[in-house]
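Protein chains: 2
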Amino acid sequence: MIDVNVRQGGKIPLYEEVAGKINYLIEQGTLRPGDRVPSIRNLSKQLQVSINTVKEAYSLLEDRRLLEARPQSGYYVCARLTELPAEPVVDRPAINPAEVSLSSIYQVVMRDLLDPNLLQLGIAVPNLELLPIEKLNRMLAREIRRFPTQAVSYSLPPGNLRLRKQIAQRLLLSGCTLGPDQIVITSGCVEAVVLALRTFCKPGDAVVIETPVYFNFLQMIQDLGLKALEIPASPRGGISLEALEYALDRNPGEVKACIVISNFNNPLGSRMSDEDKLRLVNMLEEHQVPLVEDDIYGDLSYSDERPSVAKSFDKTGNVLLCSSFSKTVAPGYRVGWIVAGRYQEEVERGKMLANVATASPTQLAIAEFLANGGYEHHLRSIRRVYARQTAQMGDAIGRSFPAGTRVSRPQGGFVLWVEMPEGVDSLLLYKKAKIMGITIAPGPIFSIDGKYRNCIRLNAACWTPAVEVAIETLGRLAEEQLAAS
Amino acid sequence: MIDVNVRQGGKIPLYEEVAGKINYLIEQGTLRPGDRVPSIRNLSKQLQVSINTVKEAYSLLEDRRLLEARPQSGYYVCARLTELPAEPVVDRPAINPAEVSLSSIYQVVMRDLLDPNLLQLGIAVPNLELLPIEKLNRMLAREIRRFPTQAVSYSLPPGNLRLRKQIAQRLLLSGCTLGPDQIVITSGCVEAVVLALRTFCKPGDAVVIETPVYFNFLQMIQDLGLKALEIPASPRGGISLEALEYALDRNPGEVKACIVISNFNNPLGSRMSDEDKLRLVNMLEEHQVPLVEDDIYGDLSYSDERPSVAKSFDKTGNVLLCSSFSKTVAPGYRVGWIVAGRYQEEVERGKMLANVATASPTQLAIAEFLANGGYEHHLRSIRRVYARQTAQMGDAIGRSFPAGTRVSRPQGGFVLWVEMPEGVDSLLLYKKAKIMGITIAPGPIFSIDGKYRNCIRLNAACWTPAVEVAIETLGRLAEEQLAAS
């Protein structure tokens, strides 16, 4: 059942291993900013690998803005211009669940998304130029010719079988051994999460979320009449398990679900370690709280090692894994999926009641693309671009923003979380930036009570001269605010 | 803005007018079953129309099983073998809103839908052979070549503009003058109704429905934690406005929405008159209860006159009109829409939170099909087939089912409501039929409390020798039950 592509995807190439070693030395402080790293020839001898392998490794580290080549001189560790955003304070007790009552900021931000005259740095959409548009559309056209009747007929839940088989095969890379009957096709990842929540939450129930959190989760929670219990998360390891345990103990029976973006979190960029994923799964199982795991960015790891999912540690069916192809292949195709664990039947029924089925033609096309479109190859190429671009934008922020600004350094995905000095008001920045034709996602929409006033989330999916200028503009606007305060 | 196709669609062809006159004479009893109707030559002289026009008119009436040609003899009025289902009893007071707690029947019935080995007479899906599969798929392939980037990008709410313009143009035929900005594209009609309900109903609120009612509405109501208030409906004119008024007066403030399938109702086949539509709209406006109007069968009128919608009488934005292309063009494309009236903004937001957007490629294809695919021509041809087939199945039921069986005689759509003598149990019939490889929709799933035990709904979209045999089988099974009782 496992095809060759999938196997290859799971193996770390040698150059990636070499890059990992240098990265480790930098992270540990053995190699410091400005240090010269071993020459290609020396490292090749030292590690007994080919010259080309070291070249590839250094080029990867260059993409990630960890090394820079200086002509006639060699490779040097880049100056790190910015620090990571501050770790959250987790020693204060977690607050009680609260009703979500979002101000009008969100509405305004959402409306701006439709404005084609604005440079959209506020929305987490992939770079259109990195999508396999021609190939995918060609496959769509071919598949509906091959299966004309299937294309116009309902693909009732759980959805197209070939697509589910392909997804099940790919899930091996995330550590999951699942059959196609454990998957339900949805119209995107958002729908998957909504179906999950609607399965086990009644109005008034509390849902654990990370903070800061992807703002659509807050909207969903409000829309479903639920309460939110915010648990601090760190830009490195994600949700604080200590705070979570404290909160679960303090609110027995009240919490009915926990939503986590475990890999390359939006907005923080955090990635949970395998140990933490295991701990999280066990903790929630113990408290009988289902985990809704959103892994939409998992395939966009900057290294070729695809991170595991918390679902892979799930022995009881308590974890519901949600994802889609909206960040990697085609947002407009609206093809996502959920592994619903012990809630499979309810989720299938919920899907039927929500909109009967997901569109058949786009399911056919994604299935074919996964089977014969070179999805793994496609991922390898876009990963490198996103790695380079988030590093480039991070550097630019370091150069243009006020001193003391901190920026996340994600190892996957394409969003950056920027923490500016306390004096900068991101809502004011939002307004000023819009006048300059730029939209950003202001920090307060990522929490239930207007926290993160000095933070913004930026989309680093595109790195163009216009975006470069926009970052300079944003930096200048932030400086002006600080100077005026 | 009105294109020529749309205008033509609104005009009744001459042969249709002639057929209408004969139909009137039959309905009034001037021409009775077995009577010979005027010869083609005579009628042509009498009405001053061409021979061909009369031929076309008679052929249409033959399709509808109102006339039959006898060789060497002429046309005769068909013997009507069955009566209409009984009118509901409406003099009893409407009951209070009740929680919907559906038994497992529904689950079983739904699961059977997925079984390709069963002859599906229980599900209201269109005849695949009548869908414009080749043309539509070809248009899809062409549109994504024309708009490759749009095809893979989000088509955020309210959805594809060209599609909304086409829908707005067609709505003229239903009596509505609306702009594209008053329409939101949805993933089918079910999603449109759910989005509407979720906009103004909180758990515990009551929703008025007709009884018998399309079973998915009951599922939705249960799923949203709402209560249902059933109002009797008649197979001719639909919901009883007297009973509705009584119920609204008795439950002031408790009812938060009313769902009605105004044209060619599923399951009853009823069509509300324009007067009743106007009264309904005014009554609900007066009680401040939004009307969710499902018009999914409206385009499948057996005459070329497209019925109006209640929405056309709405002056305040209190009516939300829902429909889709699932019954006429392509269920699997999942393209529907809602005119959300004064709730436009909330519905757009709800759509975004449910699944961000409807798939872009299928929106592009349907827009092109409406603009250049001959939708009106397509409708004219499938209407005749459905008219003929529902009549054929109605006749077959009259021949095969126990004496006293009544069957609806819809003027549009493709479902039949069959009321058998009291001694027949449709749930038992369901089980026995399944053993014979046939599924039907048993009456009790169309109500909250197991009413319509002696009724079934049948799909008359396909009329094949296998279906003909199936009807005979069902009739025999019903007879056996009666004999054993």
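Chain order of the listed sequences is R and F. Residue numbers for the first sequence follow the working numbering, beginning at 1 and rising by one. Residue numbers for the second sequence follow the working numbering, beginning at 486 and rising by one. For glycine and all other residues, C-beta sits at the position ideal for the given N, C-alpha and C. Since the structure is predicted, the reported quantities are computational estimates derived from the model, not experimental observations.
Per DSSP, cross-strand counterpart(s) of residue i
i: residue 322/R; result: 294/R and 338/R
i: residue 476/R; result: None; residue 476/R has no bridge partner.
i: residue 604/F; result: 923/F
i: residue 384/R; result: According to DSSP, which records beta bridges pairwise, residue 384/R is partnered with nothing at all.
i: residue 36/R; result: 76/R
i: residue 584/F; result: 712/F
Limits of the beta strand (DSSP E) - the one that residue i falls within
i: residue 75/R; result: 74-77
i: residue 228/R; result: 227-234
i: residue 185/R; result: 183-186
Nearest neighbour of residue i, chosen from the options [CA to CA]
i: residue 427/R; options: 73/R, 443/R and 415/R; result: 443/R
i: residue 694/F; options: 666/F, 617/F, 775/F and 870/F; result: 775/F
i: residue 609/F; options: 598/F, 797/F, 623/F and 665/F; result: 598/F
i: residue 138/R; options: 474/R, 19/R, 297/R and 373/R; result: 373/R
i: residue 173/R; options: 151/R, 219/R, 240/R and 306/R; result: 306/R
i: residue 519/F; options: 562/F, 506/F, 689/F and 771/F; result: 562/F
i: residue 470/F; options: 747/F, 591/F, 501/F and 536/F; result: Coverage of chain F is limited to positions 486 through 970, which leaves residue 470/F absent and any answer about it impossible.
i: residue 965/F; options: 886/F, 649/F and 556/F; result: 886/F
i: residue 471/R; options: 15/R, 68/R and 120/R; result: 120/R
i: residue 240/R; options: 407/R, 258/R and 26/R; result: 258/R
i: residue 271/R; options: 250/R, 151/R, 288/R and 298/R; result: 298/R
i: residue 437/R; options: 420/R, 469/R and 425/R; result: 469/R
i: residue 918/F; options: 820/F, 952/F and 899/F; result: 952/F
i: residue 888/F; options: 909/F, 850/F and 735/F; result: 909/F
i: residue 813/F; options: 866/F, 824/F and 825/F; result: 866/F
i: residue 486/R; options: 461/R, 429/R, 205/R and 449/R; result: Outside the displayed range of chain R (1 to 485) lies residue 486/R, so it cannot be described from this structure.
i: residue 716/F; options: 652/F, 690/F, 762/F and 582/F; result: 582/F
i: residue 706/F; options: 723/F, 688/F, 843/F and 515/F; result: 688/F
i: residue 219/R; options: 835/F, 507/F and 897/F; result: 835/F
i: residue 287/R; options: 485/R, 244/R, 168/R and 473/R; result: 244/R
i: residue 934/F; options: 553/F, 696/F, 498/F and 543/F; result: 696/F
Bounding residues of the alpha helix (DSSP H) (the contiguous stretch that carries residue i)
i: residue 69/R; result: Taken as a continuous stretch (DSSP letters only), residue 69/R belongs to no alpha helix (DSSP H), being part of the beta strand (DSSP E) at 67-70.
i: residue 696/F; result: Where residue 696/F is concerned, there is no enclosing alpha helix (DSSP H), although the beta strand (DSSP E) it sits in stretches over 691-696.
i: residue 125/R; result: Run containing residue 125/R: none; DSSP gives neither H nor E here.
i: residue 701/F; result: 700-708
i: residue 505/F; result: 499-512
i: residue 178/R; result: Segment: none, residue 178/R is in no alpha helix (DSSP H) and carries neither H nor E.
i: residue 52/R; result: 51-63
i: residue 681/F; result: 674-685
i: residue 148/R; result: 148-152
i: residue 163/R; result: 161-170
i: residue 48/R; result: It is not in any alpha helix (DSSP H) - residue 48/R carries neither H nor E in the DSSP assignment.
i: residue 108/R; result: 105-112
Residues that residue i contacts on chain A, provided the C-beta gap is smaller than 7 Å
i: residue 191/R; result: Checking the listed chains, one finds no chain A in this structure; the protein chains it contains are R and F.
beta-carbon residue i near the ligand MN non-hydrogen atom, thresh 8 Å
i: residue 833/F; result: As presented, the structure is devoid of all ligands, the ligand MN included, so that no description of it is given.
* To do: Give, in chain order, every unbroken run of the beta strand (DSSP E) that is at least 3 residues long and sits entirely within the stretch 818-865 of chain F.
  => 821-824
* Inter-stretch contact (C-beta, 8 Å, three-pair minimum) for the stretch 628-646 of chain F and the stretch 761-775 of chain F -> no
* **Length-filtered (3 minimum) beta strand (DSSP E) runs lying within the stretch 722-792 of chain F** => 740-746 and 776-779
* **Within the stretch 407-461 of chain R, ranges of the beta strand (DSSP E) (whole runs, at least 3 residues)** => 415-419 and 455-459
* Are the stretch 209-223 of chain R and the stretch 170-188 of chain R in contact at 8 Å, needing three or more beta carbon pairs? -> no
* Would you say the stretch 834-846 of chain F touches the stretch 186-195 of chain R, given that touching needs at least three Cβ pairs under 8 Å? -> yes
* Determine contact between the stretch 792-803 of chain F and the stretch 120-134 of chain R, defined as no fewer than three beta-carbon pairs at a distance below 8 Å. => no
* Are the stretch 371-388 of chain R and the stretch 224-233 of chain R touching, with three or more C-beta to C-beta distances below 8 Å? -> no
* To do: Evaluate the contact criterion for the stretch 361-370 of chain R versus the stretch 136-150 of chain R: three or more CB pairs, one atom per stretch, below 8 Å.
  => yes
* Asked: Between the stretch 531-548 of chain F and the stretch 811-831 of chain F, do at least 3 Cβ pairs fall closer than 8 Å?
  -> no
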